[in-house]
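Residue numbers (the numbering used here): 9 to 107.
C-beta: ideal position from N, C-alpha, C; glycine also.
Everything numeric in this text was worked out from a predicted model, so none of it was measured.
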C-alpha cells in the first residue's frame, strides 16, 4: 500500500513539474477548488503541495486536466520510481587481499 501511495505521489510531482509554467496558475487554483474543494494560495509551491499531498487528486485527474488545458503529459511521468528515504543501495563486496 505504501509503495502505491509513494508511486502516486512521485507521478503527480512529475506531472506537476511538466505543468508548471505551461498552465495558468489561476486555472489550477480554480480547478482544485471547483473539482475537489481544495483551497490553496495562489503560488506554485502551494498548488504543487496540495496536488501531491491530496488523496483526492489522482494522477489520472491531473493528466486529464493538463490535456484539457492543452498540455500533453509526458508518458515518462508514469514510469517514475519514488526515491526510498533512509535506505542505501547494495554494498560493494569488499576486496580481499588474499588472492
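Less than 7 Å between the C-beta atoms of residue i and residue j, yes or no?
i: residue 81; j: residue 23; result: yes
i: residue 18; j: residue 79; result: no
i: residue 40; j: residue 46; result: yes
Measuring alpha carbon to alpha carbon, tell me which of the options ends up nearest residue i.
i: residue 37; options: 30, 51, 72; result: 51
i: residue 16; options: 66, 39, 55; result: 66
i: residue 29; options: 45, 53, 18; result: 53
Can you tell me the Cα-Cα spacing of residue i and residue j, whole angstroms?
i: residue 25; j: residue 71; result: 12 Å
i: residue 48; j: residue 61; result: 12 Å
i: residue 56; j: residue 20; result: 9 Å
i: residue 77; j: residue 43; result: 15 Å
i: residue 63; j: residue 75; result: 21 Å
i: residue 83; j: residue 73; result: 15 Å
i: residue 59; j: residue 69; result: 10 Å
i: residue 12; j: residue 35; result: 28 Å
Self-check item: Segments assigned alpha helix (DSSP H), at least 4 residues, entirely inside the segment 32 to 72
Solution: For the segment 32 to 72, whole alpha helix (DSSP H) runs of length 4 or above, ordered along the chain, are 33 to 44, 52 to 61.
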